[in-house]
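Asker: Numbering follows this note's numbering, in which position 63 of the sequence shown is assigned residue number 248; successive positions increment by one, without gaps. Glycine is no exception: its CB is placed at the ideal position from the N, C-alpha and C atoms. Take this structure, written in structure tokens, and hold onto it; I'll ask about it next.
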Amino acid sequence: MDFGLTEEQQAMRDLARRFAQEKLAPGYMKRDQEGRIDKAILREMGDLGLISCALPEEFGGMGVDCVTSGIIIEEIAAGDFNMSYIQLVSWLLGQILCKYASPEVAQEWVPKVASGQSLISLGLTEPRGGSDAANLIVRAERVGDHYVLNGEKTSISFSEQSDIMIAFARTGKVEDVSKGISAFVVPLSLPGVSRSAFRDLGTRIVGRGSVFFDNVKIPANHRMGDENRAFFQIMNGFDYSRALIGLQCLGAARASLEESWQYTKERQAFGTPIAQFQGVTFPLAEADTFLEAARQLCLRTLWLRDQNLPHTAEAAMCKWWPPKLSYEIIHQCLLTHGHYGYTMDLPHQQRMRDTLGLQIGDGTAQIMKLIIARERVGRVAVQYEQGKKK
């Protein structure tokens, strides 16, 4: 593994960093109050190639490798953690569209996502099961040249703002569990679709909520992959997003850490900058060390993916540790700023609120550790729990 960046990677990093510092960071806290994605900034990101870069060239993308996509999302998240959700969701679901959607459906939607014209969401979680992702009630019945979709998806990012959804639904028997699931591209303007929003602690401009389907007719060519096989075909793409999530959270932590180092040079106590006090600098030095280690874990995971090498365990590590670590680092940065850090005037409180959600969404720490154990010792890691269910 080469730890140096290519000229292309440096150029993409510098572009993302400039955009994040000049366009995103100044409005990070204001956008949180507004509670919606700024469509003008979204389109500007699209025009600069900061959304399309990780999508295939034939669909309007640039086709950069996974490591480069990780470098970009960290820089965007350092400026505005919430806007980096655009990259996270667009890259994961855009690549799924490119690979599994019919050519005509992919050609219709992927360029819109890549350019920032449209937002896309994932419809997997349902009210009765989050971690038990295959335990689905939402059903799609084949009727002639259509499927009819009924049920509720919940905890959906961009629930009220997305234009399309990749929705997982049961098409097989209930007892088939994961073997009876199909995936569909669902335009959310179709009759029978309704939405609701949650009042969340963080990631407010992303917006999370429920999407309801009441006899929604979906053309048969909007099914992705084989019927009843979507859970196996599509879910392996989530190893990619787990590494991106790690870097996304670390970007926010890095921003708070850089601000805190600067603060220790400016803040005076007892007639000297507080940077001279080890009680102040040692916690930041520890945070810097852990942050660098976590970043290398995430980049190595993406490198393994670029080499087509196994990386499921590493991806699970990226999903449980960096979000937790980032929250702890930002917390320490808030404390370093003292009473002023406790106000709503500084961004540390918002970064804490925003990163906290990714200790829950897209797989809890407990589920990620179970995946790591399963990769290390095989199915014996889950046989006890399965035996209890029988």
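(1) With a threshold of 6 Å on Cβ separation, who are the neighbours of PRO372 within its own chain once the five nearest residues in sequence on each side are excluded?
(2) Whole-angstrom Cβ separation of SER344 and GLY394, contact assumed at under 8 Å?
(3) Among TRP506, ILE545 and PHE467, which has the Cα closest to the Cα of LEU482?
(4) Please list the segments of the beta strand (DSSP E) lying wholly inside the stretch 247-302, counting only runs of 3 or more residues, in order along the chain.
(5) Grab the span of the alpha helix (DSSP H) containing GLY308 for me, first residue to last.
(6) Identify, in the order they occur along the chain, each residue of the same chain with its Cβ nearer than 6 Å to the Cβ of ALA440, setting aside the five sequence neighbours on each side.
(7) Name the two residues that bound the continuous alpha helix (DSSP H) containing LYS450.
(8) Beta carbon of ILE366, beta carbon of PHE383: below 7 Å?
(9) How is the alpha helix (DSSP H) around PRO508 delimited, first residue to last?
(10) Helix, strand or coil for GLY542? Go by DSSP, reduced to three states.
(11) Give the DSSP bridge partners of VAL370, in chain order.
(12) Does DSSP put MET197 in a helix, a strand or coil?
(13) Sort ILE351, ASP330 and SER269 by Cα distance to LEU307 and report the nearest one.
(14) Under the rule that 16 or more other beta-carbon atoms within 10 Å means buried, what is PRO312, buried or exposed?
(15) Do you know how far the Cα of THR356 is from the Cα of TYR512?
(16) Just list the residues that DSSP pairs TYR143 with in beta bridges.
(17) Quick check: what's the CA-CA separation for ALA472 versus HIS516?
(18) Along the beta strand (DSSP E) that carries THR339, what are the first and last residues, could you check?
(19) Report the three-state DSSP secondary structure of LYS574 (helix, strand or coil).
(20) Below 7 Å between beta carbons: does that hold for HIS407 and PHE369?
(21) Whose C-beta lies closer than 6 Å to the C-beta of SER269 among residues of the same chain, with five residues either side of it excluded?
(22) Helix, strand or coil for ARG202? Go by DSSP, reduced to three states.
(23) Which residues in the same chain have their Cβ closer than 7 Å to the Cβ of ARG324, if we skip the five residues on either side of it in sequence?
(24) According to DSSP, GLY394 sits in a beta bridge with which residue or residues?
(25) Check this for me: beta carbons of THR253 and GLN194, under 7 Å apart or not?
(26) Just to confirm, does ALA263 get its C-beta within under 6 Å of one of the non-hydrogen atoms of the ligand GDP?
(27) Is the CB-CB distance between LEU304 and SER347 below 7 Å?
Answerer: Based on what the coordinates show:
(1) Same-chain partners within the cutoff: ILE349.
(2) Contact holds; Cβ gap of about 3 Å.
(3) Nearest C-alpha to LEU482: TRP506.
(4) You should have found no qualifying run.
(5) Following the DSSP letters along the chain, one finds GLY308 in no alpha helix (DSSP H) but inside the beta strand (DSSP E) bounded by residues 305-308.
(6) Contacts found: ALA263.
(7) Run containing LYS450: 423-451, per the alpha helix (DSSP H) assignment.
(8) Not in contact: ILE366 and PHE383 (Cβ atoms no closer than 7 Å).
(9) For PRO508, the enclosing alpha helix (DSSP H) stretches over residues 497-521.
(10) Here GLY542 sits in helix by DSSP.
(11) For VAL370, which the question treats as bridged, DSSP gives the partners ILE351.
(12) Assignment of MET197 by DSSP, reduced to helix, strand and coil, places it in the helix class.
(13) Nearest option by C-alpha distance: ILE351.
(14) Burial state of PRO312 is exposed, judged by a 10 Å Cβ sphere holding fewer than 16 other Cβ atoms.
(15) Going by the C-alpha atoms only, they are around 39 Å apart.
(16) Any question about residue 143 goes unanswered here, given that the chain covers just 186 to 575.
(17) Pairing ALA472 with HIS516, the inter-Cα distance amounts to about 11 Å.
(18) Its beta strand (DSSP E) spans residues 331-342.
(19) Reliability of the predicted coordinates at LYS574 is poor, the pLDDT of 48 falling under 50, and the value obtained from them is presented with this limitation in mind. It is helical.
(20) Yes.
(21) Cβ neighbours of SER269 beyond the five flanking positions: ILE258, ILE261, ALA262 and GLN433.
(22) Helix, per DSSP.
(23) These residues qualify, in order along the chain: ASN335, GLY336, ALA354 and ARG355.
(24) Bridge partners of GLY394: ILE341 and ALA382.
(25) With a cutoff of 7 Å on beta-carbon distance, THR253 and GLN194 are scored as near each other.
(26) Within the structure as shown, the ligand GDP is missing, as the structure has no ligands at all.
(27) With respect to the 7 Å criterion, LEU304 and SER347 are classified as neighbours on the basis of their beta carbons.
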